[in-house]
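Worksheet for the structure shown next.
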Amino acid sequence: METFYQKLDSHIQNLSERYRSKYTIKQETYDDMITVLKYSKGNAQFKFWVKKNFKLVKIGDVDVVYGIKSNHPVVVHEQLYTKTKECHERVGHHGRDKTWSEIQEQYSYIPYDVVTLFLKQCDVCNSRQAFPKPIAGKPIISVGYLTRVQMDLIDMRSVPDGEFKWILHVKDHFTKFSWVYPLQTKEAAPVALKLLDQFYSFGPPRILQSDNGKEFVAQVIKDLRNTWKDLVIINGRPRHPQTQGLVERANHTLQLSL
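Going by full-length UniProt numbering, the sequence shown opens with residue 1, and the numbers climb by one from there.
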(Lines of atoms letter the chains of each structure in order from A; the text may use other names.)
(Lines give C-alpha, C1' and ligand atoms only; values in the text may rest on other atoms or scores of the structure.)
Protein backbone atom coordinates (compact mmCIF):
# COMPACT_ATOMS: atom_id res chain seq x y z
CA MET A 1 0.00 0.00 0.00
CA GLU A 2 2.81 2.41 0.84
CA THR A 3 4.42 1.88 -2.57
CA PHE A 4 1.06 2.44 -4.26
CA TYR A 5 0.59 5.82 -2.62
CA GLN A 6 4.16 6.83 -3.34
CA LYS A 7 3.59 6.09 -7.03
CA LEU A 8 0.23 7.85 -6.96
CA ASP A 9 1.63 10.98 -5.30
CA SER A 10 4.43 11.07 -7.88
CA HIS A 11 1.86 10.75 -10.68
CA ILE A 12 -0.23 13.59 -9.25
CA GLN A 13 2.82 15.86 -8.99
CA ASN A 14 3.44 15.35 -12.71
CA LEU A 15 -0.05 16.58 -13.63
CA SER A 16 -0.68 20.15 -14.68
CA GLU A 17 -1.52 22.44 -11.78
CA ARG A 18 -5.16 22.93 -12.80
CA TYR A 19 -5.86 19.17 -12.49
CA ARG A 20 -3.63 18.43 -9.51
CA SER A 21 -5.77 19.78 -6.68
CA LYS A 22 -8.95 17.89 -7.63
CA TYR A 23 -7.47 14.73 -9.19
CA THR A 24 -8.35 12.88 -5.99
CA ILE A 25 -10.37 14.02 -2.98
CA LYS A 26 -8.61 13.83 0.37
CA GLN A 27 -10.52 13.26 3.59
CA GLU A 28 -10.19 16.88 4.71
CA THR A 29 -11.69 18.12 1.44
CA TYR A 30 -14.43 15.48 1.69
CA ASP A 31 -15.40 16.79 5.14
CA ASP A 32 -15.52 20.34 3.76
CA MET A 33 -17.79 19.11 0.95
CA ILE A 34 -20.23 17.70 3.50
CA THR A 35 -20.25 21.09 5.25
CA VAL A 36 -21.08 22.82 1.96
CA LEU A 37 -23.85 20.37 1.08
CA LYS A 38 -25.41 20.46 4.56
CA TYR A 39 -24.94 24.07 5.59
CA SER A 40 -23.86 25.88 2.40
CA LYS A 41 -20.73 27.16 4.14
CA GLY A 42 -17.42 27.77 2.39
CA ASN A 43 -15.82 30.06 -0.18
CA ALA A 44 -17.90 30.82 -3.27
CA GLN A 45 -15.73 29.00 -5.82
CA PHE A 46 -15.53 25.82 -3.73
CA LYS A 47 -19.28 25.90 -3.02
CA PHE A 48 -20.05 26.24 -6.73
CA TRP A 49 -17.83 23.25 -7.62
CA VAL A 50 -19.27 21.06 -4.86
CA LYS A 51 -22.94 21.83 -5.55
CA LYS A 52 -22.46 21.38 -9.29
CA ASN A 53 -20.84 17.94 -9.06
CA PHE A 54 -21.93 16.30 -5.80
CA LYS A 55 -24.93 15.55 -3.62
CA LEU A 56 -25.43 14.30 -0.08
CA VAL A 57 -27.10 10.95 0.59
CA LYS A 58 -28.13 9.87 4.07
CA ILE A 59 -27.33 6.19 4.68
CA GLY A 60 -28.50 5.31 8.17
CA ASP A 61 -26.95 7.97 10.37
CA VAL A 62 -24.06 8.66 7.99
CA ASP A 63 -23.84 11.46 5.43
CA VAL A 64 -22.27 10.11 2.23
CA VAL A 65 -21.15 12.27 -0.70
CA TYR A 66 -22.26 10.95 -4.10
CA GLY A 67 -21.20 12.06 -7.56
CA ILE A 68 -24.21 13.54 -9.37
CA LYS A 69 -23.34 12.10 -12.79
CA SER A 70 -22.36 8.63 -11.62
CA ASN A 71 -24.83 8.43 -8.72
CA HIS A 72 -22.20 6.47 -6.78
CA PRO A 73 -20.38 7.26 -3.52
CA VAL A 74 -17.17 9.28 -3.69
CA VAL A 75 -13.98 7.46 -2.68
CA VAL A 76 -11.49 9.60 -0.78
CA HIS A 77 -7.77 9.55 -1.53
CA GLU A 78 -7.01 7.57 1.62
CA GLN A 79 -9.39 4.76 0.54
CA LEU A 80 -8.31 4.47 -3.11
CA TYR A 81 -6.09 1.43 -2.53
CA THR A 82 -8.66 -0.45 -0.45
CA LYS A 83 -11.61 0.16 -2.77
CA THR A 84 -9.62 -0.59 -5.93
CA LYS A 85 -8.36 -3.80 -4.34
CA GLU A 86 -11.90 -4.87 -3.44
CA CYS A 87 -13.12 -4.30 -7.01
CA HIS A 88 -10.10 -6.06 -8.52
CA GLU A 89 -10.66 -9.11 -6.32
CA ARG A 90 -14.39 -9.18 -7.08
CA VAL A 91 -13.63 -9.64 -10.78
CA GLY A 92 -11.11 -12.38 -10.04
CA HIS A 93 -7.93 -10.44 -10.84
CA HIS A 94 -9.05 -10.21 -14.47
CA GLY A 95 -7.10 -7.17 -15.48
CA ARG A 96 -7.53 -3.45 -15.97
CA ASP A 97 -10.69 -3.24 -18.08
CA LYS A 98 -12.86 -5.48 -15.91
CA THR A 99 -11.55 -3.84 -12.75
CA TRP A 100 -12.31 -0.39 -14.17
CA SER A 101 -15.80 -1.50 -15.18
CA GLU A 102 -16.47 -2.80 -11.66
CA ILE A 103 -15.22 0.47 -10.15
CA GLN A 104 -17.51 2.51 -12.40
CA GLU A 105 -20.48 0.43 -11.28
CA GLN A 106 -19.70 0.92 -7.59
CA TYR A 107 -17.91 4.22 -6.95
CA SER A 108 -17.08 7.68 -8.23
CA TYR A 109 -13.89 9.71 -8.19
CA ILE A 110 -11.45 6.85 -8.59
CA PRO A 111 -9.28 7.97 -11.54
CA TYR A 112 -8.59 5.50 -14.34
CA ASP A 113 -4.83 5.77 -13.82
CA VAL A 114 -5.27 4.54 -10.26
CA VAL A 115 -6.28 1.13 -11.65
CA THR A 116 -3.11 0.90 -13.73
CA LEU A 117 -0.97 1.86 -10.74
CA PHE A 118 -2.72 -0.68 -8.53
CA LEU A 119 -2.33 -3.56 -11.00
CA LYS A 120 1.41 -3.00 -11.10
CA GLN A 121 1.45 -3.55 -7.33
CA CYS A 122 -0.89 -6.58 -7.26
CA ASP A 123 1.08 -9.54 -5.89
CA VAL A 124 -1.40 -12.11 -7.21
CA CYS A 125 -1.29 -10.78 -10.78
CA ASN A 126 2.49 -10.43 -10.68
CA SER A 127 2.94 -13.99 -9.40
CA ARG A 128 0.71 -15.27 -12.18
CA GLN A 129 2.79 -13.47 -14.79
CA ALA A 130 5.96 -14.86 -13.26
CA PHE A 131 5.13 -18.39 -14.41
CA PRO A 132 6.41 -18.88 -17.97
CA LYS A 133 3.94 -20.22 -20.49
CA PRO A 134 4.92 -23.70 -21.68
CA ILE A 135 6.11 -24.04 -25.25
CA ALA A 136 3.58 -25.80 -27.47
CA GLY A 137 4.16 -29.52 -27.44
CA LYS A 138 6.28 -29.40 -24.29
CA PRO A 139 4.91 -30.98 -21.09
CA ILE A 140 3.97 -28.80 -18.13
CA ILE A 141 6.39 -29.69 -15.34
CA SER A 142 5.34 -29.62 -11.69
CA VAL A 143 7.95 -29.76 -8.96
CA GLY A 144 5.90 -31.22 -6.12
CA TYR A 145 2.56 -32.26 -4.66
CA LEU A 146 -0.11 -29.55 -5.04
CA THR A 147 2.14 -27.19 -6.98
CA ARG A 148 -0.29 -27.50 -9.90
CA VAL A 149 -3.76 -29.00 -9.87
CA GLN A 150 -6.00 -29.29 -12.92
CA MET A 151 -9.79 -29.43 -12.79
CA ASP A 152 -12.42 -30.28 -15.36
CA LEU A 153 -16.12 -31.08 -15.56
CA ILE A 154 -17.24 -34.40 -17.05
CA ASP A 155 -20.65 -34.38 -18.72
CA MET A 156 -22.62 -37.42 -17.52
CA ARG A 157 -26.06 -36.25 -18.64
CA SER A 158 -26.38 -39.18 -21.02
CA VAL A 159 -25.94 -41.62 -18.11
CA PRO A 160 -26.99 -39.70 -14.96
CA ASP A 161 -26.99 -41.18 -11.49
CA GLY A 162 -30.26 -39.84 -10.16
CA GLU A 163 -29.87 -36.09 -9.70
CA PHE A 164 -26.14 -36.19 -10.40
CA LYS A 165 -25.36 -35.33 -14.03
CA TRP A 166 -21.83 -33.95 -13.80
CA ILE A 167 -18.52 -34.97 -12.25
CA LEU A 168 -15.90 -32.55 -11.01
CA HIS A 169 -12.51 -34.13 -11.69
CA VAL A 170 -9.50 -32.67 -9.87
CA LYS A 171 -6.03 -34.04 -10.61
CA ASP A 172 -2.66 -33.30 -9.05
CA HIS A 173 -0.17 -32.81 -11.87
CA PHE A 174 2.83 -34.12 -9.92
CA THR A 175 1.45 -37.31 -8.32
CA LYS A 176 -1.26 -37.93 -10.97
CA PHE A 177 -3.69 -38.52 -8.09
CA SER A 178 -7.36 -37.81 -8.85
CA TRP A 179 -10.29 -36.64 -6.77
CA VAL A 180 -13.81 -36.87 -8.20
CA TYR A 181 -17.02 -35.29 -6.92
CA PRO A 182 -20.61 -35.78 -8.16
CA LEU A 183 -22.50 -32.61 -9.09
CA GLN A 184 -26.11 -31.89 -9.94
CA THR A 185 -25.19 -28.91 -12.13
CA LYS A 186 -22.08 -27.41 -13.68
CA GLU A 187 -22.63 -23.97 -12.15
CA ALA A 188 -19.66 -22.28 -10.51
CA ALA A 189 -21.10 -22.10 -6.98
CA PRO A 190 -21.37 -25.88 -6.31
CA VAL A 191 -17.99 -26.40 -7.99
CA ALA A 192 -16.44 -23.84 -5.64
CA LEU A 193 -18.01 -25.59 -2.63
CA LYS A 194 -16.48 -28.93 -3.63
CA LEU A 195 -13.11 -27.28 -4.14
CA LEU A 196 -13.39 -25.64 -0.72
CA ASP A 197 -14.05 -29.07 0.84
CA GLN A 198 -11.02 -30.50 -0.94
CA PHE A 199 -8.71 -27.65 0.00
CA TYR A 200 -9.75 -27.86 3.65
CA SER A 201 -9.07 -31.61 3.61
CA PHE A 202 -5.85 -31.77 1.57
CA GLY A 203 -4.59 -28.19 1.42
CA PRO A 204 -4.84 -25.64 -1.42
CA PRO A 205 -2.67 -25.99 -4.53
CA ARG A 206 -0.21 -23.34 -5.64
CA ILE A 207 -1.85 -23.20 -9.08
CA LEU A 208 -5.35 -24.30 -10.05
CA GLN A 209 -5.81 -24.76 -13.79
CA SER A 210 -9.19 -24.93 -15.50
CA ASP A 211 -10.28 -25.12 -19.11
CA ASN A 212 -13.89 -24.17 -18.42
CA GLY A 213 -13.86 -20.61 -19.72
CA LYS A 214 -12.90 -17.26 -18.26
CA GLU A 215 -16.34 -16.33 -16.89
CA PHE A 216 -16.63 -19.66 -15.08
CA VAL A 217 -13.13 -19.31 -13.63
CA ALA A 218 -13.84 -15.72 -12.54
CA GLN A 219 -16.89 -16.86 -10.57
CA VAL A 220 -14.97 -19.69 -8.90
CA ILE A 221 -12.21 -17.22 -7.99
CA LYS A 222 -14.70 -15.01 -6.16
CA ASP A 223 -15.62 -17.88 -3.85
CA LEU A 224 -12.08 -19.15 -3.25
CA ARG A 225 -10.06 -15.93 -3.09
CA ASN A 226 -11.49 -14.82 0.25
CA THR A 227 -9.89 -17.79 1.99
CA TRP A 228 -6.75 -18.41 -0.09
CA LYS A 229 -5.37 -15.03 -1.11
CA ASP A 230 -2.26 -16.48 -2.79
CA LEU A 231 -4.03 -19.08 -4.93
CA VAL A 232 -3.22 -18.60 -8.62
CA ILE A 233 -6.01 -19.67 -10.94
CA ILE A 234 -5.34 -19.92 -14.66
CA ASN A 235 -7.39 -21.26 -17.51
CA GLY A 236 -6.44 -22.79 -20.82
CA ARG A 237 -8.26 -21.71 -23.94
CA PRO A 238 -11.72 -23.30 -24.36
CA ARG A 239 -11.88 -25.96 -27.07
CA HIS A 240 -8.12 -26.47 -26.90
CA PRO A 241 -7.81 -29.62 -24.77
CA GLN A 242 -4.02 -29.75 -25.16
CA THR A 243 -3.80 -27.22 -22.32
CA GLN A 244 -5.62 -29.73 -20.16
CA GLY A 245 -4.03 -32.89 -21.57
CA LEU A 246 -3.40 -34.68 -18.29
CA VAL A 247 -6.90 -34.31 -16.91
CA GLU A 248 -8.56 -34.91 -20.30
CA ARG A 249 -6.87 -38.31 -20.61
CA ALA A 250 -7.84 -39.15 -17.06
CA ASN A 251 -11.43 -38.12 -17.82
CA HIS A 252 -11.58 -40.75 -20.55
CA THR A 253 -10.19 -43.43 -18.25
CA LEU A 254 -12.67 -42.48 -15.53
CA GLN A 255 -15.65 -42.58 -17.89
CA LEU A 256 -14.63 -46.01 -19.14
CA SER A 257 -14.38 -47.33 -15.58
CA LEU A 258 -17.82 -45.98 -14.74
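Glycine included, each C-beta is placed from N, C-alpha and C at the ideal position.
Backbone CA spacing between residue i and residue j [nearest angstrom]
| i | j | result |
| --- | --- | --- |
| R96 | K229 | 19 Å |
| E163 | Q184 | 6 Å |
| R157 | K186 | 11 Å |
| I59 | F118 | 29 Å |
| D172 | V50 | 57 Å |
| L168 | V191 | 7 Å |
| R20 | L224 | 39 Å |
| L37 | N53 | 11 Å |
| R90 | Y181 | 26 Å |
| V101 | V74 | Just to set this straight, residue 101 is Ser in the shown sequence, not Val. Approximately 16 Å, taken between the alpha carbons. |
| F48 | Y200 | 56 Å |
| S40 | L56 | 12 Å |
| T148 | L208 | The sequence given here has Arg at residue 148, not Thr. Cα to Cα, the separation comes out at about 6 Å. |
| V232 | E86 | 17 Å |
| K194 | A188 | 10 Å |
Classification of residue i by the beta-carbon crowding that lies within 10 angstroms, buried from 16 upward
| i | result |
| --- | --- |
| F177 | exposed |
| E17 | exposed |
| residue 278 | In the structure as shown, the chain starts at 1 and stops at 258, and residue 278 therefore has no counterpart that could be examined. |
| P160 | exposed |
| Q27 | exposed |
| G203 | exposed |
| S80 | The amino acid at residue 80 is misidentified as Ser; the sequence shows Leu. With 16 or more Cβ atoms within 10 Å of its Cβ, L80 is classed as buried. |
| Q45 | exposed |
Sub-8 Å separation of residue i and residue j beta-carbons
| i | j | result |
| --- | --- | --- |
| Y112 | V76 | no |
| T99 | Y145 | no |
| Y23 | I34 | no |
| V115 | T84 | yes |
| F4 | Q121 | yes |
| V220 | Q198 | no |
Strand pairing of residue i, partner residues [DSSP]
| i | result |
| --- | --- |
| L208 | V149 and I233 |
| W166 | D155 and L183 |
| D172 | V149 |
| S201 | According to DSSP, which records beta bridges pairwise, S201 is partnered with nothing at all. |
| S178 | K171 |
| Y66 | K55 and P73 |
| D161 | F164 |
Touch test, the region 101-108 against the region 64-75, Cβ-Cβ under 8 Å, three pairs minimum
A contact exists between the region 101-108 and the region 64-75.
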